[in-house]
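Structure first, commentary second.
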Amino acid sequence: MNHDNFAITASGLTRHFGSLIAVKDFDLQIPTGSIYGFLGPNGSGKSTTIRMLCGLLTPSSGSASVLGLDTRRESEKLKQKIGYMTQKFSLYEDLTVKENLQFVSEIYAVGRKERHLRVKELLEEFNLNRQMKQRVGTLSGGQKQRLSLAAAILHKPQILFLDEPTSAVDPQNRRDFWEKLFEMAEQGTTILISTHYMDEAARCHSLAILDQGVKVADGTPKELGNSISSHVIEVTADEPNAARQRLANEDGITSITQLGFRLRVLIPKEISNPLEQVKSKLKGAEIDARVEQVFPDLEDVFVSLTELRRDGLAT
Amino acid sequence: MKPLVRILAVAHKEFLQLSRDRLTFGMIIGIPLIQLLMFGFAINTDVRNLSAAYVDEADTHLSRQFISDITASQVISINQRVGSAQELNFLMDSGSVSLGIYLPDDFDRRVIERDRKAVQLLVDGTDPIILGVARQLTAMDVRFDSQTRVFGEQNLMEVRNYYNPERRSAVNIVPGLVGVILTMTMVLFTAVAIVREKERGNLELLINTPVKTTELMLGKIFPYVLIGLIQLVIILSCGRVFFSVPIRGSELQVLAAALVFISTNLSLGLLISTFAKTQFQAMQMTFFFFLPSILISGFMFPFDGMPEIAQMIAEILPLTHFNRLIRGIILRGADIMDMWDELVALGIFMLVALTLAIVRFSKRLD
Chain A
295 MNHDNFAITA
305 SGLTRHFGSL
315 IAVKDFDLQI
325 PTGSIYGFLG
335 PNGSGKSTTI
345 RMLCGLLTPS
355 SGSASVLGLD
365 TRRESEKLKQ
375 KIGYMTQKFS
385 LYEDLTVKEN
395 LQFVSEIYAV
405 GRKERHLRVK
415 ELLEEFNLNR
425 QMKQRVGTLS
435 GGQKQRLSLA
445 AAILHKPQIL
455 FLDEPTSAVD
465 PQNRRDFWEK
475 LFEMAEQGTT
485 ILISTHYMDE
495 AARCHSLAIL
505 DQGVKVADGT
515 PKELGNSISS
525 HVIEVTADEP
535 NAARQRLANE
545 DGITSITQLG
555 FRLRVLIPKE
565 ISNPLEQVKS
575 KLKGAEIDAR
585 VEQVFPDLED
595 VFVSLTELRR
605 DGLAT
Chain B
464 MKPLVRILAV
474 AHKEFLQLSR
484 DRLTFGMIIG
494 IPLIQLLMFG
504 FAINTDVRNL
514 SAAYVDEADT
524 HLSRQFISDI
534 TASQVISINQ
544 RVGSAQELNF
554 LMDSGSVSLG
564 IYLPDDFDRR
574 VIERDRKAVQ
584 LLVDGTDPII
594 LGVARQLTAM
604 DVRFDSQTRV
614 FGEQNLMEVR
624 NYYNPERRSA
634 VNIVPGLVGV
644 ILTMTMVLFT
654 AVAIVREKER
664 GNLELLINTP
674 VKTTELMLGK
684 IFPYVLIGLI
694 QLVIILSCGR
704 VFFSVPIRGS
714 ELQVLAAALV
724 FISTNLSLGL
734 LISTFAKTQF
744 QAMQMTFFFF
754 LPSILISGFM
764 FPFDGMPEIA
774 QMIAEILPLT
784 HFNRLIRGII
794 LRGADIMDMW
804 DELVALGIFM
814 LVALTLAIVR
824 FSKRLD
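In structure tokens:
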């Protein structure tokens, strides 16, 4: 396989922890220069997969190649070429912002002159100049996250692994963060990001949905929306609870998610004319509601896939 | 009833946690056990088998009889006979023996005429316990066999207190304290320093960088070598100022011995850090090592007085070897090269610990 096209490839990647199977038979191909997302709940194997791809964990079976390097045998070579932003903040809280960046630049053995420039450049770029001499422990969530990203890209890696980078960050910081990511992707950096936020996953060029260590689907957000085996019906009602109760007991409804006054109802594709069905049922219960069919968003995809899997596992 | 239920619930939970925290459990069992065994065996002022050497310039029937009598007491154990007083002094300086027996060539005459003491006991007086033993020895009855006349209850011997004529215990304690404090702090500092990075998540960042394990280890211990030297200077200066403990040997040699010992302890700290998951565990493990070090290394009780099994354990503790080195240089003005075997022992310990630590430290999380 040519790694010019794919920055990351993996086949049959599996990892056990004792009797627990954290990741099972994971196949992956991530094109160079794209932003690829891992979407899944906690414990779905996102971090474990990222760690295997970084060479931090040895796969129980299967193999992965990152930038053409085997993650089992060539992980040390790989480290110079990848950046990794850990889920938990991992810089030194008792050092200042500048000291942390300097430390990282020294660890990566960036040339002496360049080192100085790079740290200055990053402080500027990530808007940390004013906090330069502040102890990192006293930074806000957003500042810490900017610093982590700055540290992760200090050595100009070709691939950036981000493990739930926006967990502790407000919306404005998240927007800025994503702008940064797109900028880097444009310049050819491949980015792998894990998240459990749907809106964040929707920003990725393409993504994989993980559930209990298994990749249940992958593709672009649009492809995933099309691939879903459910109709999505949106019900807007003044009494959404009553509507919910009425519909909950019906056969042929996979799931109902409430969003304020709205309900998103998933109905298997086999059922024809789902719109009329929902309407008639609500009418029967004398519930006033507006019912329309909508295009599935990622959350619908996620819910329908995981619900199906649960049902499949149960039977 | 409710409070009782709640109390029992808490107690039960505590027991469950304890039974899962094997290290704490080990300490609960281990510490009293170790203390009991160490103190029981080692606190033993009835010292036996004190290593000794003798010079017998008389070499008569009577002098040989005397040596065999004093050996029979089992208080001393004679390792060797040397030809001259100079050789005896050398053995004392290098710490090979803690007691020297000198029989002059007119031994028989002195025994019979009783005008002067017939025997000189040269004692390493830096250890008050050994000094006490020597004094007891002078009171011992020496009965020559029936063919000569019997001289019971008389003082044949005189004690010459080497290295510590004023009989001050600080002289013994201060150099010993150097080793004890360095063991405590050096092992703990390094162990905790690495485990702290593990606990705070810093290590996950570090192992993802190109830094090599050896680089990381050496970078970690270097600052502590300096800290160790600072501690050394503090202890020795205080010793000199407050307790007037002089440094008889070369200061450079004190420094050299301390450097080797510090490195040994730091390596051990690194090794502990590869086992401990939390800082608290690192402290517990350090304590496990520290306790026997303080008790049987010769710091508290004379090495010669301990039973063989305790001596064997003591030989694998770095502090035992360092105590001999530092006391030798500081108190007896010994030359470090005369105690090269102690240096080698420390070196071996360091290499083994460092190698194990590097092998055990993995740049992977699995």
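Chains as they are written, first to last, in our numbering: chain A, 295 to 609; chain B, 464 to 829. All C-beta atoms, glycine included, are put in the ideal place defined by N, C-alpha and C. Owing to the predicted nature of the structure, the values given are computational and were not obtained by experimental measurement.
In whole angstroms, what is the alpha-carbon distance linking residue i and residue j?
{"i": "A/L441", "j": "A/G362", "result": "29 Å"}
{"i": "A/F320", "j": "B/I725", "result": "49 Å"}
{"i": "A/N543", "j": "A/N520", "result": "27 Å"}
{"i": "A/A479", "j": "A/W472", "result": "10 Å"}
{"i": "A/L501", "j": "A/P325", "result": "11 Å"}
{"i": "B/G489", "j": "A/L416", "result": "50 Å"}
{"i": "A/D457", "j": "A/F476", "result": "17 Å"}
{"i": "B/F705", "j": "B/L699", "result": "10 Å"}
{"i": "A/G482", "j": "A/Q452", "result": "8 Å"}
{"i": "B/R630", "j": "B/L722", "result": "30 Å"}
{"i": "B/G791", "j": "B/G642", "result": "13 Å"}
{"i": "A/F300", "j": "B/L734", "result": "41 Å"}
{"i": "A/Q506", "j": "A/R603", "result": "10 Å"}
{"i": "A/G374", "j": "A/L454", "result": "Here residue 374 of chain A is Gln; the residue named in the question, Gly, does not match the sequence. For A/Q374 and A/L454, the distance between alpha carbons rounds to 12 Å."}
{"i": "A/T308", "j": "A/Y378", "result": "21 Å"}
{"i": "A/P335", "j": "B/L689", "result": "48 Å"}
{"i": "A/Q437", "j": "B/G664", "result": "18 Å"}
{"i": "A/D470", "j": "A/V510", "result": "30 Å"}
{"i": "B/D571", "j": "B/A808", "result": "44 Å"}
{"i": "B/D578", "j": "B/Q528", "result": "20 Å"}
{"i": "A/D594", "j": "A/V526", "result": "7 Å"}
Is there a C-beta anywhere in chain A that falls below 7 Å from the one on residue i?
{"i": "B/V655", "result": "no"}
{"i": "B/E667", "result": "yes"}
{"i": "B/R827", "result": "yes"}
{"i": "B/G682", "result": "no"}
{"i": "B/V674", "result": "yes"}
{"i": "B/G664", "result": "yes"}
{"i": "B/N786", "result": "no"}
{"i": "B/N671", "result": "yes"}
Output yes if chain B places a C-beta closer than 7 Å to the C-beta of residue i; else output no.
{"i": "A/L351", "result": "yes"}
{"i": "A/I401", "result": "yes"}
{"i": "A/K382", "result": "yes"}
{"i": "A/Q481", "result": "no"}
{"i": "A/K563", "result": "no"}
{"i": "A/Q437", "result": "no"}
{"i": "A/Y330", "result": "no"}
{"i": "A/K373", "result": "yes"}
{"i": "A/Y491", "result": "no"}
Can you tell me which of the three DSSP states residue i falls into?
{"i": "B/E616", "result": "Low confidence applies here, because B/E616 scores a pLDDT of 43, under 50, leaving its location unreliable; read the following figure in that light. In the structure shown, B/E616 sits in coil (DSSP, three-state: anything other than H, G, I, E or B)."}
{"i": "A/P325", "result": "strand"}
{"i": "B/E621", "result": "strand"}
{"i": "B/D801", "result": "helix"}
{"i": "A/D493", "result": "helix"}
{"i": "A/L416", "result": "helix"}
{"i": "A/N421", "result": "coil"}
{"i": "A/I565", "result": "coil"}
{"i": "B/T589", "result": "coil"}
{"i": "A/F300", "result": "strand"}
{"i": "B/S707", "result": "coil"}
{"i": "B/N671", "result": "coil"}
{"i": "A/R538", "result": "helix"}
{"i": "A/Y402", "result": "coil"}
{"i": "B/R511", "result": "coil"}
{"i": "B/K476", "result": "helix"}
{"i": "A/L518", "result": "helix"}
{"i": "B/Y517", "result": "strand"}
{"i": "B/A548", "result": "helix"}
Identify the residues that DSSP records as bridge partners of residue i: which are they?
{"i": "A/L557", "result": "A/V529, A/Q552"}
{"i": "A/S488", "result": "A/F332, A/D457"}
{"i": "A/M379", "result": "A/L456"}
{"i": "A/E586", "result": "A/E528"}
{"i": "A/T308", "result": "A/S355"}
Problem - Contact list for the stretch 685-714 of chain B against chain A, Cβ threshold 8 Å - result: none
Practice task
With 8 Å as the C-beta to C-beta threshold (strictly closer), list the residues of the stretch 302-324 of chain A near chain B in chain order.
Solution key: For the stretch 302-324 of chain A, which is checked against every Cβ of chain B, not one residue is closer than 8 Å.
Problem - Where the stretch 405-428 of chain A meets chain B: residues whose CB sits under 8 Å from a CB there - result: none
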